[in-house]
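Asker:
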Amino acid sequence: MASPIKSNMGVPSFSVLVNGTEMGVKYAVKSVIVTKEINKVSKAKLVLFDGNPADQVFEASASADFDPNKSITIKMGYDQIEEQVFSGIITAQSLKVRFKSSELIVSCMDKSSQMATTRKTTNFVKKKDSDVISEIIGVYGLTKTVSATNFEHPNLVQYNCSDWDFILARADANAMVVINEDAKLTIAEPVVSGSAVLDVNFGIDILDFSADMDALNQLDSVEFQSWHSENLDLVMSSGTEPSVNAQGDITGKKLSEVGKSPKLTLNTSTPEDSSLLKSWAKSHLQHARLSKIRGFASFVGNSAPIVGKLLNLEGFSPHFNGLAYITKVVHTFEAGFWKTETGFGLQPKTFSDEGKIEGPSALGLLPTISGIHIGKVKKIDTDPAGEYRVQVDVPFIETAGEGLWARLSHPHASTDYGYYFYPDVGDEVILSFVNNDPRFAVIIGSLYGKKNKPPFTPENTNKDKAIVTKNKLKLTFEDVKKIITIETPGGQKVTLDDEGKSLKLEDQNNNSVLLDDKGITFDSGKDLILKSSGKITLTSGAVTEIKSGADLKVQGTNISLKASAKVGLEGATAEVKSSGNVDVKGGMINLN
């Protein structure tokens, strides 16, 4: 590829078309600047001499020629042979007045800038990153080229961020970059091999040049760790050494030895798929390698440099010579001269590190509160809003006063049923805040401490669990022995015992019922009364015994004793008495 000097020897020229109509010489143009950069929306700035103080009018601004939303195309070249360097829409204009000078500044952006104007929240279900990116871009009617990704997300949530930022984040996670060129978006891995679009030589082509090689930005390797609940262990994936552009004679891997850079380990508590972890690790290491050499080279105007292509640097130090990866192109036309500045290399920080992607906490309505905080329960009743909240003092907000009304988190809460355990006044609780808004507190738990001690002393086997109320009503779980006990402070008790294979009910009057592998035992310290308004039936498959240490009385309207074999009545004495007839019948009757 020829150098810019050798390929451009004519008179520089440019043209501007608004809504398809060439502006011509109607307005005096001071400068035209076009900027295209990797992972950013392309933009242009047109500066016109405008404003007549005598007539008190800004002719260009007052006209409709540069109203926002009009399409604009900018071409640059030599001897009126020009190539398009920008296409977009007018987004803003501003006036500037200086001593003896006034200007109209027309700001222009690529149509993809519409993707960056509004924050959105969307849930994408069972889709790949490439499908999601294509779907989002399709809404804006832009031309797109999106490299396919493999992993299908069960859910991928875009939360309170612009479509543009969301696409950049997902591209970054997949080791891809976003390149914007005249209403087209290309999302793919960096192309770091092939031929250069232009050769730039020191001493021949260069107007300005700057390049930095920083060993401290280089990493030895990158590993991602994710927590998986399936096996309660970490899943780890490492990034492979990426292929990079052939620039300089010292590799990024070699440079990492200077700072004795250890392996970069990044952690997440979310259960990520190993393929995603590998992509993330690859992305971080690739980004580091592409930031090994950063700088810019400017030369006479040339439309050949394109973001994402390669620029061949020659005649510099061997540490900098070679194929530079183009990350930025700036075309400037001013005072009859066209200059092209080409940036190369990535900035050390990734997209997610560079700035705030998500929206402001608390919607920016007021300064936020972050983290969790300590509170002390002040009141649990008479919530003025009727929301069943708890009034708490938050010492770091105010030590005395009205405090805050906080919602209480429960394991289960539904209409007229659920988990109902409110803290007591004076209890220490832990607070979080919805959307980091200090007006909306939520009690997420209670705390034991030296003052509020637990009902049991923890021990290393952690075998006992319990629920104990203020008045010592207890539900106790002895996990090792598999015993559940329900008891009151008055001595009422129910014990379910798997180890003893029994269920026992006891009261404070020494009465008990025991169900075990021997049967059922009723034990009473006093009387045992069985009472029924209906029938009582006692049935036994073996011998049935009724014993009394004193008299045994059986009383009824009619009493029937029936045996399939023998009926025997025996006593020291016997008496049969009736106020009416006595009938004695049998096949044979023996009377002593």
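Residue 496 in the working numbering is what sits at position 492 of the sequence shown, and the numbering runs on without skipping anything. Here a beta-carbon is modelled for each residue, glycine too, at the ideal position from N, C-alpha and C. As the structure is a prediction and not an experimental result, all values here were calculated from the model.
Give a yes or no on contact between the region 405-413 and the region 444-456, applying the rule of three or more CB pairs nearer than 8 Å.
Answerer: Contact between the region 405-413 and the region 444-456 is present, because at least three Cβ pairs lie under 8 Å.
Asker: Leaving out five residues before and five after PHE425 in sequence, what residues of the same chain have Cβ atoms less than 7 Å from its Cβ?
Answerer: Within the same chain, PHE425 has no close Cβ partners at all.
Asker: First and last residue of the beta strand (DSSP E) that includes GLY347?
Answerer: Per DSSP, GLY347 belongs to the beta strand (DSSP E) from 341-348.
Asker: Please state the DSSP three-state secondary structure of PRO8.
Answerer: If DSSP states are grouped into helix, strand and coil, PRO8 belongs with the helices.
Asker: Name the residue from SER67, GLN60, ILE93 and ASP83 whose alpha carbon lies nearest to the alpha carbon of GLY74.
Answerer: One detail in the question is off: residue 74 reads as Lys in this sequence, not Gly. Among SER67, GLN60, ILE93 and ASP83, the Cα nearest to that of LYS74 belongs to ILE93.
Asker: In angstroms, rounded to a whole number, what distance separates the CA positions of LYS296 and GLU245?
Answerer: C-alpha separation (whole angstroms): 14 Å.
Asker: Can you name, in chain order, every residue of its own chain whose Cβ lies under 6 Å from the Cβ of PRO415, other than the five neighbours on each side?
Answerer: The residues are TYR423.
Asker: Is it true that the region 200-211 meets the region 241-260, where meeting means three or more beta-carbon pairs spaced less than 8 Å apart?
Answerer: As far as the Cβ criterion goes, the region 200-211 does not touch the region 241-260, which means the pair count is below three.
Asker: Looking at VAL110 and LEU21, is the spacing between their C-beta atoms short of 7 Å?
Answerer: No, they are not a contact pair.
Asker: Look at the alpha carbon of VAL36 and the alpha carbon of VAL89, and state the distance between them as a whole number of angstroms.
Answerer: Each residue's Cα considered, the two are about 11 Å apart.
Asker: Report the residue ranges of all beta strand (DSSP E) runs contained in full by the region 420-496; include only those spanning at least 3 residues, in chain order.
Answerer: 432-437, 445-450, 468-472, 478-482 and 487-491, all fully within the region 420-496.
Asker: Below 8 Å on the Cβ atoms is my guess for GLN162 versus PHE155; work out the distance and round it to an integer in Å.
Answerer: The Cβ separation is near 17 Å, so there is no contact.
Asker: Please report the residue range of the alpha helix (DSSP H) in which GLY680 lies.
Answerer: The chain is shown only over 5 to 596; residue 680 falls outside these bounds and no answer can be derived.
Asker: Could you round the C-beta distance between SER116 and LEU172 to whole angstroms and report it? I think they count as a contact, below 8 Å.
Answerer: Not confirmed; about 11 Å, so no contact.
Asker: Between the beta-carbon of VAL239 and the beta-carbon of SER278, is there less than 7 Å?
Answerer: Contact flag set, yes.
Asker: Cα-Cα, which of PRO459, ILE533, HIS335 and LYS132 is closest to LEU479?
Answerer: Residue PRO459 is the option with its Cα nearest to LEU479.
Asker: Can you name, in chain order, every residue of its own chain whose Cβ lies under 7 Å from the Cβ of LEU573, other than the five neighbours on each side?
Answerer: None.
Asker: Could you check if ILE533 is buried or exposed, using at least 16 other CB atoms within 10 Å of its CB as the buried criterion?
Answerer: Exposed: under 16 other Cβ atoms inside 10 Å.
Asker: I'd like the span of the alpha helix (DSSP H) that includes GLY28, first residue to last.
Answerer: Per DSSP, GLY28 belongs to no alpha helix (DSSP H) and is neither H nor E.
Asker: Here's the rule I'm using: 16 or more other beta-carbon atoms within 10 Å means buried, otherwise exposed. How should LEU99 be labelled?
Answerer: With fewer than 16 Cβ atoms within 10 Å of its Cβ, LEU99 is classed as exposed.
Asker: Give the secondary structure of SER46 by DSSP, where H, G and I count as helix, E and B as strand, and everything else as coil.
Answerer: Correct three-state label for SER46: coil.
Asker: Please identify the residue among PHE53, SER46 and SER91 whose C-alpha is closest to the C-alpha of SER19.
Answerer: Looking at the Cα atoms, SER91 is the closest of the given residues.
Asker: Suppose the cutoff is 7 Å on Cβ atoms and the five residues either side in sequence are ignored; what does the same chain contact list for SER506 look like?
Answerer: Correct list, in chain order: LEU518, LEU519 and ASP520.
Asker: Would DSSP call GLN162 helix, strand or coil?
Answerer: It is a strand residue.
Asker: Pull the bridge partners of MET80 from the DSSP assignment, please.
Answerer: In DSSP, MET80 forms a bridge with PHE18 and GLU87.
Asker: ASP511 by DSSP, collapsed to three states: which one?
Answerer: It is coil, neither helix nor strand.
Asker: Give the single residue among ASN439, ASP468, LYS474 and GLU463 whose Cα lies nearest to the Cα of ASN456.
Answerer: ASN456 has its Cα closest to that of LYS474, out of ASN439, ASP468, LYS474 and GLU463.
Asker: At what residues does the beta strand (DSSP E) containing LEU223 begin and finish?
Answerer: It is not in any beta strand (DSSP E) - LEU223 carries neither H nor E in the DSSP assignment.
Asker: Select from THR122, SER67, ALA48 and LEU223 the residue whose C-alpha is nearest the C-alpha of MET113.
Answerer: Nearest C-alpha to MET113: ALA48.
Asker: In chain order, which continuous runs of the alpha helix (DSSP H) of length 4 or greater are located wholly inside the region 311-399?
Answerer: Within the region 311-399, the complete alpha helix (DSSP H) runs of at least 4 residues are 355-358.
Asker: Of all the options ALA578, ASN439, LEU477 and SER241, which has the alpha carbon lying nearest to the alpha carbon of SER230?
Answerer: Minimum Cα distance to SER230 is reached at SER241.
Asker: Nearest-angstrom Cα distance between LYS510 and LYS589?
Answerer: The sequence given here has Glu at residue 510, not Lys. Cα to Cα, GLU510 sits roughly 50 Å from LYS589.
Asker: Ignore the nearest five residues each way along the sequence and tell me which others in GLU276's own chain have a CB closer than 7 Å to its CB.
Answerer: Here the set comprises SER230.
Asker: According to DSSP, is GLN60 helix, strand or coil?
Answerer: Reduced to three states, the DSSP call for GLN60 is coil.
Asker: Could you check whether TRP284 and ALA389 sit closer than 7 Å to each other, using their CB atoms as the reference points?
Answerer: Their beta carbons are not under 7 Å apart, which means ALA389 does not touch TRP284 by this criterion.
Asker: Verify whether the separation of the beta carbon atoms of LEU435 and GLY375 is less than 7 Å.
Answerer: Cβ atoms of LEU435 and GLY375: not closer than 7 Å.
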